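Going by numbering that gives the first Met the number 0, the sequence shown opens with residue 0, and the numbers climb by one from there. Note sheet for the following structure.
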Amino acid sequence: MHSCGLYNALNMDAKRGAFSLVCILVTCSVIDCTDCPDTWVPFEGSCYLFGHQKLTFVEAEHYCNQHSAHLVHVEGQEENAFIKDYLRFEKGDMWWMGLTDDEVEGIWKWYGEVEKPEFTNWAPGQPDNGASHEDCAEFDLRTHYGWDGKWNDVYCHALLLPICERTGLSFDNNGIIG
Ligand SMILES: [Ca+2]
Ligand SMILES: [Ca+2]
């Protein structure tokens, strides 16, 4: 899918799809665009795959690796908002991101990275390391909690849906820039 940032904003309002042609005609010449494989969603230079098979955290990371990706690393407010908005139109209310405190309790890190995350969006009272055993983070849209996609730690062997992220190809008026 060849698209760009404004496309995504429009996309959310239109429940996806209807504005893609508008984007290609109007905005791709003025805003940098991201090229993604089919079924992947572009946003700000990355491509996202919202999986439909429930997996454990490790299985989900492996699933993403098989697609040349990793479980999503949320680098800031805008990326977080993009994902939350997208999930409102998806079936499923618990989705993995690549964040874990499996190595050292209470020290959350993006899987495979050394640095601690600069941005987080935990739900009220989370992470709570429930039953002393919750070491993997998810977007939680369960209505009875009312967290509206905020982050929660859960048992890593829970079966949740994966969100994969990989680098996209960016374009400007002259073609590929990265
Ligand atoms: Ca924990
Ligand atoms: Ca929790």
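Glycine included, C-beta positions come from ideal geometry on N, C-alpha and C. Keep in mind it's a predicted model, so treat the numbers as computed, not measured.
Coil, strand or helix - residue i by DSSP
| i | result |
| --- | --- |
| S45 | strand |
| D101 | coil |
| L86 | helix |
| V57 | helix |
| N151 | strand |
| A183 | This structure does not reach residue 183, given that the chain is present from 0 up to 177, and the question cannot be answered. |
| C63 | helix |
| G136 | As written in the sequence, residue 136 is Ala, which differs from the Gly given in the question. Of the three classes helix, strand and coil, the one that applies to A136 here is strand, per DSSP. |
| E77 | helix |
6 Å Cβ shell around residue i - same chain, five flanking residues per side excluded
| i | result |
| --- | --- |
| K149 | N120 and A122 |
| C46 | C35, W39, R165 and G167 |
| D101 | D134 |
8 Å contact criterion, which residue i and residue j should meet: CB distance rounded
| i | j | result |
| --- | --- | --- |
| A136 | T166 | Actually they are not in contact, since the Cβ atoms of A136 and T166 sit about 22 Å apart, beyond 8 Å. |
Residue closest to residue i, alpha-carbon to alpha-carbon, out of the options
| i | options | result |
| --- | --- | --- |
| P161 | Y154, S45, L54 and S67 | L54 |
| I106 | E74, N128 and Q76 | N128 |
| E43 | D101, E77 and A130 | E77 |
| L48 | H143, E114 and H69 | H69 |
| P178 | W94, T33 and E104 | Because the chain is modelled from 0 through 177, residue 178 falls outside the range shown and cannot be assessed. |
| M93 | C32, G50, P36 and C46 | G50 |
| M96 | N64, W109 and E117 | W109 |
| N79 | G91, E58 and P116 | P116 |
| I82 | G145, A130 and P41 | P41 |
Pair within 8 Å by beta-carbon distance, residue i and residue j
| i | j | result |
| --- | --- | --- |
| L140 | D147 | yes |
| H72 | E164 | yes |
| F118 | G91 | no |
Neighbourhood of residue i by C-beta, 7 Å cutoff - its chain only, sequence neighbours within 5 removed
| i | result |
| --- | --- |
| V153 | E133, C135 and E137 |
| L158 | K53, L54 and T55 |
| L86 | W94, F138, L140 and G148 |
| C63 | H69, L70, P161 and C163 |
Nonlocal neighbours in the same chain, by C-beta distance under 8 Å from residue i, ignoring five residues either side
| i | result |
| --- | --- |
| H156 | T55 and F56 |
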